[in-house]
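Going by numbering that gives the first Met the number 0, the sequence shown opens with residue 0, and the numbers climb by one from there. Every residue, glycine too, gets a C-beta built ideally from N, C-alpha and C. These notes concern the structure reproduced below.
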Amino acid sequence: MSCVLIGGGSRSGKSRFALDYARRYAEPLAFIATAEARDEEMRARVAAHRADRGLQFATIEEPIHIERAIEEAGSRYGAIVVDCLTLWLANLMFASPKQDIARVTATLLRIASESPTVVVLVTNEVGCGIVPENALARQFRDLAGAMNQQAAAAAQEAYWMVFGFPMRLK
């Protein structure tokens, strides 16, 4: 059907816009969550996100194999929101440090683009700040930038969120 990318900085309104975008389509709707609630602060964030979604979205928790979750969801949902690619990237980096991120991302984007339902991908732009002081953080920033470029090229629509407002890029 189509793949939509929504990017921006932290707390820019990406998730809210992604949910509103998905609500344009017929229910049921799905939300693939890549975050893992490993501490109290993250558990509170996850709970807040669940409350924002309400009962309208079926939640699929999948930190690594989101391409498989999209395939398994198939045409059962009017739209699928994946939130977020940068947490997924961090999960991949820690699960398998030698992973070929570009290849894995290409597979994910192919499956998202070929899905019989709309797939809305949320990602963080992490390259607008200062250069990180350690090698792992620089590697993450570089991989995230490359992944986001790859995702934007593959998406049929791309949005940049600024101060809660979407700017359509493509």
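Assign residue i to one of three DSSP states: helix, strand, or coil.
| i | result |
| --- | --- |
| Val130 | coil |
| Ile100 | helix |
| Thr122 | strand |
| Gly6 | strand |
| Ala29 | strand |
| Phe51 | Here residue 51 is Asp; the residue named in the question, Phe, does not match the sequence. Correct three-state label for Asp51: helix. |
| Asp19 | helix |
| Ile63 | coil |
| Asp82 | strand |
| Asp38 | coil |
| Met0 | coil |
| Gly73 | coil |
| Ser112 | helix |
| Ser95 | coil |
| Ser14 | helix |
Provide the residue(s) that pair with residue i in DSSP beta bridges, ordered along the chain.
| i | result |
| --- | --- |
| Arg170 | Since the first residue shown for the chain is 0 and the last is 169, residue 170 is missing from the structure and cannot be characterised. |
| Ala173 | The requested residue 173 does not occur in the structure, where the chain is confined to residues 0 to 169. |
| Ala117 | This sequence places Val at residue 117; Ala is not what is there. According to DSSP, which records beta bridges pairwise, Val117 is partnered with Ala78. |
Would you decide whether residue i is buried or exposed? Buried here means 16 or more other CB atoms lie within 10 Å of its CB.
| i | result |
| --- | --- |
| Ala68 | buried |
| Met160 | buried |
| Arg109 | exposed |
| Asn133 | exposed |
| Thr106 | exposed |
| Val130 | exposed |
| Phe169 | The sequence as given places Lys at residue 169; Phe does not occur at that position. Counting Cβ neighbours within 10 Å, Lys169 comes out exposed, since fewer than 16 surround it. |
Between the options, which has its C-alpha nearest residue i's C-alpha?
| i | options | result |
| --- | --- | --- |
| Phe164 | Met0, Val3, Arg15 and Cys2 | Arg15 |
| Leu84 | Ala32, Met166 and Thr116 | Ala32 |
| Leu18 | Ala36, Met41, Asp82 and Arg42 | Asp82 |
| Asp99 | His48, Gly12, Ala145 and Ala157 | Ala145 |
| Val117 | Leu28, Thr58 and Leu168 | Leu28 |
| Pro62 | Trp87, Arg137 and Met41 | Trp87 |
| Arg102 | Val3, Val130 and Glu66 | Glu66 |
| Gly73 | Thr106, Arg42 and Ser114 | Ser114 |
| Gln138 | Ala89, Ala152, Glu35 and His64 | Ala89 |
| Ala111 | Ala46, Ala136, Leu135 and Ala151 | Ala151 |
For the segment 16–26 and the segment 70–88, state whether three or more C-beta atom pairs, one from each stretch, are separated by less than 8 Å. Three or more Cβ pairs closer than 8 Å define a contact, and the segment 16–26 meets that threshold against the segment 70–88.
Inspect the CB distances between the segment 105–125 and the segment 1–13 and report whether three or more fall short of 8 Å. Note that the segment 105–125 touches the segment 1–13; at least 3 beta-carbon pairs, one per stretch, sit closer than 8 Å.
Per the contact definition of three or more C-beta pairs closer than 8 Å, is the segment 49–56 in contact with the segment 84–94? Not touching, per the Cβ criterion.
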